[in-house]
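Take 7 as the starting number for the sequence shown in this note's numbering and just add one per residue.
This report concerns only the one structure given below.
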Amino acid sequence: MERGGSALLRELRGGRHQPGRLPRRSQLRRHPPLPGDLLLREQPLGDLRAAIPPGGRPGRGGAGRLQSHSTDDDQRAYRDATELAAEAARDPIPRMRDALMERGWLTTETDTQLREEVGREVERATEAAESASDPDPGSLGRHVYADA
């Protein structure tokens, strides 16, 4: 597979993935959540786009933590089962998949193909990271923020 994934993944990403280009923290902007189901809105991102000044600034979003911090951590020891279930119900990935399928924009076959393709891409990246040499400790602060 070519660098950056398949054409299908690039199309789904909107062709905007730019490896190695990190925004300055001051360029990030937290936008308030838009009301309602974004897929049902006439102009889903119109309100958000209107709030972005000329020149554009990336937005920041958030999602809950669905898994424990690590394999040594069991969040069920300190998070209530009701809280975990509520967090899982808000998971945007299955919600988006279900909404796309309900509208006929995604098929089970395409969903399966994408999941397998992404799984292979993650596996390759994991293997590459695990086989890489340890980084130079002096590089700790690199790529945290863009150079000023």
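Glycine is no exception: its CB is placed at the ideal position from the N, C-alpha and C atoms.
- In the three-state reduction of the DSSP assignment, Arg71 falls in the coil class.
- The C-beta distance from Leu72 to Asp97 rounds to 6 Å, short enough to fall under 8 Å.
- Cα atoms of Glu115 and Gly147: separation of roughly 43 Å, rounded to the nearest angstrom.
- Straight across, the Cα-Cα distance linking Ala135 with Asp142 is about 15 Å.
- In the three-state reduction of the DSSP assignment, Asp104 falls in the helix class.
- Look at Thr132 here: in three-state DSSP terms it is helix.
- Relative to Ala95, the option among Pro60, Ala69 and Ser145 whose CA is nearest is Ala69.
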